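Each residue of the sequence shown is one higher than the one before, starting from 18 at the first, in the working numbering.
All remarks here apply to the structure that follows.
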Amino acid sequence: MRRKLKAVIFDLDGVITDTSEYHYRAWKRLADEEGIPFSRDDNDKLRGVSRSECLKILLKGRQVSDKQFQEMMDRKNGYYVELLGKMTFKNILSGAKELVLELKKRGIKTAIASASKNATTVLQRTGIEGLFDVIVDGYSVKNTKPAPALFLFAAKKLGVKPEDCVVVEDAKAGIEAALAGNMIPVGIGPEERVGKACFRFEKIGDITLTKLFEIINF
């Protein structure tokens, strides 16, 4: 089956914008308050998954009531939203905006597919909300990454077949979701994190339109 490059679906945090430090600081604050050890290595395990799944990982088997669980999620989100108030266009990763503009110039559709429920806020704060044809987030589907539902929903809204989509991700869960959705995953970051990706780049600025066409026809 020959694929055609008709759309590129981007994760947001760590791919288009640099918000990973804000997530770490918010989770770290919550963990410290709850007396739970939390390191940057622990934080890496939270990349690309929903807030509720992140909290389950952070709790490390510790039992809490449903009410306590929801309160912790709300508290973490409050800390994160507080930090988002500091965001500007400077939080856009180098090369990201240029790549999206080049794709649009060539008639290739673009989407954001983020497990975050704050994706629209991040895009608004950085001034790039209008760059993308479609934005889907943690509110859009019930089963988020590593299930493929978020990416499949984005492809459907774009009007593009999954096999004609490239997904750019920086998290293991996102790579697995793209593969499960019959899309081509491109990983951003270290091999130990995105090793299952069909192709890997160190940073978003290393990806060019020429390379994307090579990828879709590999």
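Glycine included, C-beta positions come from ideal geometry on N, C-alpha and C.
Source: prediction; values computed, not measured.
Counting only runs that start and end within the stretch 103 to 171, where is the beta strand (DSSP E) found for 3 or more residues in a row? Under the rule that a run must span 3 or more residues, the beta strand (DSSP E) segments found entirely inside the stretch 103 to 171 read 126 to 130 and 151 to 153.
Bridge-paired residues (DSSP) for Gly65: Partner(s): none; Gly65 has no beta bridge.
Tell me, please, which residues DSSP counts as bridged to Cys182. In the DSSP output, where bridge partners are listed per residue, Cys182 has Ala24.
Relative to the C-alpha of Gly65, which candidate in Ile53, Ser133, Leu47 and Gly102 has its C-alpha closest? Answer by Cα proximity: Ser133.
With DSSP run on the structure shown, which of helix, strand or coil describes Gly204? In the structure shown, the three-state DSSP call for Gly204 is strand.
For Thr34, which of helix, strand or coil comes out of DSSP? Here Thr34 carries a strand assignment [DSSP, helix/strand/coil].
Cα separation between Met104 and Thr143? Thr143 has its alpha-carbon roughly 7 Å from the corresponding atom of Met104.
When DSSP labels each residue in this structure, what does Arg19 get in the three-state scheme? Arg19: coil per DSSP, three-state reduction.
In or out: Phe149 buried (at least 16 other Cβ within 10 Å) or exposed? The residue is buried, with at least 16 neighbouring Cβ atoms inside 10 Å.
Answer yes if the stretch 177 to 194 comes into contact with the stretch 24 to 32, meaning at least three C-beta pairs across the two stretches below 8 Å, and no otherwise. Contact between the stretch 24 to 32 and the stretch 177 to 194 is present, because at least three Cβ pairs lie under 8 Å.
Below 7 Å between beta carbons: does that hold for Ile224 and Ala130? In this structure, the beta-carbon distance from Ile224 to Ala130 does not fall below 7 Å.
Output the distance between the C-alpha atoms of Asn60 and Glu180, rounded to the nearest integer angstrom. If you take the alpha carbons of Asn60 and Glu180, they lie about 31 Å apart.
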